[in-house]
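Numbering of the sequence shown is given in this note's numbering, commencing with residue 346 and proceeding in unit increments.
Glycine residues also receive a C-beta, built at the ideal position from the N, C-alpha and C atoms.
Note that the structure is predicted; figures quoted are calculated from it, not measured.
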Amino acid sequence: MVVLLFRLLILISILMILYSGMKYLRNPHRKLKAAKEANEFYFLDDANNSKKNLYFVYKGCLFIGEKYLGATEDSFKVIDIHVSVKEPLELEGFTRDDIYFLENEILNHYPYAKIEWKHPINQLLITKLH
């Protein structure tokens, strides 16, 4: 009887380990971190929840977008996204073309959104007229 109970406990522990491993591998924040380390583009967003921020990584830099809901012609949609960077020093080497690429990717997901880049990203977009 004790042996049977011990085998059952071992089986339950193996199943829990497998479940935890699968949950870890499917974790989107782990994928975000892996994309950051690999200098790849990765877009993480819960499109059905306008209260959750969107996260994306590009060239090893983590961006955070705050979504704001508003009225369009026929329904309520995300109309404002304020994008900031987690670590400003990671922006080294970014160009305007990189920012335009990111804007295009955001607009693919939120076509009605107006994107506002926070400091220091907005400094790259400001052009000086001489």
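The C-alpha of R375 is placed about 37 Å away from the C-alpha of D419.
In summary, F401 is buried, with 16 or more beta-carbon neighbours lying within 10 Å of its beta-carbon over all protein chains present. The Cβ atoms of L470 and I444 sit closer than 8 Å to each other. Burial of L447 is indicated by the presence of at least 16 other C-beta atoms within 10 angstroms of its C-beta.
A straight-line Cα-Cα distance of about 18 Å links R441 and N453. Put simply, the backbone Cα of A379 is about 10 Å away from that of F386.
If the five residues before and after E411 are omitted, its C-beta is found closer than 6 Å to the C-beta atoms of N398 and H427, all from its own chain and listed in chain order.
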